[in-house]
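Taking it in order: structure first as structure tokens, then the write-up.
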Amino acid sequence: MSEVNLSGLKAVWLTLALPVLSGISGAIYFGYDAIKRFEIVEESNGAYSTSISELSTVDGDFNSRIQSLEQAMQDNDVRGLAPKLSEISTQMNAILDQQKELLDLRSKVEKSETITEGLGDKLDLYNNEIEDLWKAFDEAVSKNPLK
Numbered sequence: 004m005s006e007v008n009l010s011g012l013k014a015v016w017l018t019l020a021l022p023v024l025s026g027i028s029g030a031i032y033f034g035y036d037a038i039k040r041f042e043i044v045e046e047s048n049g050a051y052s053t054s055i056s057e058l059s060t061v062d063g064d065f066n067s068r069i070q071s072l073e074q075a076m077q078d079n080d081v082r083g084l085a086p087k088l089s090e091i092s093t094q095m096n097a098i099l100d101q102q103k104e105l106l107d108l109r110s111k112v113e114k115s116e117t118i119t120e121g122l123g124d125k126l127d128l129y130n131n132e133i134e135d136l137w138k139a140f141d142e143a144v145s146k147n148p149l150k
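Structure (structure tokens):
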């Protein structure tokens with residue numbers, strides 16, 4: 004059997020050493036990469052801590068805005084609007100009922116006006132007839148032969 008001999012090393016030793024060396028080099032690379040990532044996280048941690056302090060100021064701004072909105076709602080008495088709205092609703096219903104009654108009364112008044120207009124014409128006719136009767140009576144009295 005022939006053996007490959009490279010610079011005095013046998014091929015068997017090379018085949019055994021190559022995976023071991025590649026595993027060691029992979030472990031070294033992984034360790035280096037992990038250390039670099041931890042360093043990056045530590046460097047950026049300062050930026051996050053300033054962001055957290057900024058968030059606390061923003062939180063304070065939100066709290067003050069919420070308090071001002073709550074105060075405005077209390078000043079405007081939003082909770083007291085529901086009874087007022089129901090009162091307005093009942094008043095509107097009463098107004099609508101009265102409007103219906105007024106419309107009915109209006110139609111009755113219009114009917115009465117048409118009736119009275121007809122009565123006025125009849126009364127004028129009766130007045131004319133009564134005047135004619137008086138004239139005839141006066142004429143009859145003036146021409147009375149018994150006088």
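According to the working numbering, the sequence shown is numbered sequentially starting from 4. The beta carbon of each residue, even a glycine, is placed where N, CA and C say it ideally should be.
Would residue i count as contacting chain B if we go by Cβ distances under 9 Å?
{"i": "Glu90", "result": "Of the protein chains in this structure there is only one, and it is not chain B."}
Excluding the 5 residues flanking residue i on each side, which residues of the same chain have their C-beta closer than 6 Å to its C-beta?
{"i": "Met76", "result": "none"}
{"i": "Asp107", "result": "none"}
Note down, in chain order, each residue of its chain lying with its Cβ closer than 7 Å to the Cβ of residue i, except the 5 sequence neighbours on either side.
{"i": "Ser59", "result": "none"}
{"i": "Ala139", "result": "none"}
{"i": "Asn130", "result": "none"}
For residue i, I'd like the list of residues in its chain whose CB is within less than 8 Å of its CB, leaving aside the five on either flank, ordered along the chain.
{"i": "Trp137", "result": "none"}
List, from N- to C-terminal side, the beta strand (DSSP E) runs of 3 residues or more that fit wholly inside the segment 100-146. none
Mind pulling the beta strand (DSSP E) runs of 3 or more residues that sit fully within the segment 15-95? none
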